[in-house]
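Shown next, in structure tokens, is the structure this report addresses.
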Amino acid sequence: MYIVRIYDMTNGVLDFDLRHILAALGAQAIECWWMISGVAVYDEAFDATGEQAGRLEELAASGRRIKGDRLRDLANGTQQVIWGEFQGYVDASATVPVLIVRAIDSTFYEVATNDPRVLQNLKATFRDVRQA
300 MYIVRIYDMT NGVLDFDLRH ILAALGAQAI ECWWMISGVA VYDEAFDATG
350 EQAGRLEELA ASGRRIKGDR LRDLANGTQQ VIWGEFQGYV DASATVPVLI
400 VRAIDSTFYE VATNDPRVLQ NLKATFRDVR QA
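Take 300 as the starting number for the sequence shown in the working numbering and just add one per residue.
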């Protein structure tokens, strides 16, 4: 998978969040089935703030997949995802994700994909996109 990191900041603070990444991913994000978790590679539990943060935390604990439009709605009700991993699958029973989005300690987001069009959309949407 290709991996990019997004660092767009204003005054030292990220000026985007999960909802903005999902919007940049467009229809593909809505069509995917998503599994939410903590970020295992950093040994961090899921952490978010905002009105829908508790619901995202419940989903992370349950391991259940949700449809992309539901994730979009929850992301729109979340102020900030501090730590979180979102794995997108083509259907509810797929075993290999086609997209992985990680929020890393409110410092950057990481997006992994095999689709070069996704990378183009991210680079067109965000100012500071770097190869990981």
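From the three backbone atoms N, C-alpha and C, an ideal C-beta is built for every residue, glycine too.
Computed from a predicted structure; not experimentally measured.
Nearest candidate by alpha-carbon position, reference residue i, set the options
| i | options | result |
| --- | --- | --- |
| G383 | T394, A431, K422 and V410 | V410 |
| G367 | I305, V312, A328 and T309 | A328 |
| T348 | A322, A359, G376 and L321 | G376 |
Host alpha helix (DSSP H) of residue i (start-end)
| i | result |
| --- | --- |
| S405 | Here S405 belongs to no alpha helix (DSSP H), and DSSP marks it neither H nor E. |
| G367 | G367 to N375 |
Counted within 10 angstroms of its Cβ, other Cβ atoms place residue i as buried (16 or more) or exposed
| i | result |
| --- | --- |
| P415 | exposed |
| R363 | exposed |
| R401 | buried |
| G353 | exposed |
Length of the line joining the Cα atoms of residue i and residue j
| i | j | result |
| --- | --- | --- |
| L324 | L398 | 10 Å |
| T394 | M334 | 11 Å |
| F385 | S336 | 7 Å |
| T309 | D390 | 36 Å |
| F425 | A431 | 15 Å |
| Q378 | Q351 | 8 Å |
| D346 | V338 | 10 Å |
| I365 | G311 | 33 Å |
Local conformation of residue i per DSSP, three classes
| i | result |
| --- | --- |
| G353 | helix |
| A322 | helix |
| V340 | helix |
| A411 | strand |
Residue interval of the beta strand (DSSP E) (run including residue i)
| i | result |
| --- | --- |
| Q419 | Here Q419 belongs to no beta strand (DSSP E); instead the alpha helix (DSSP H) covers P415 to T424. |
| D346 | D346 to T348 |
| G387 | Q379 to Y388 |
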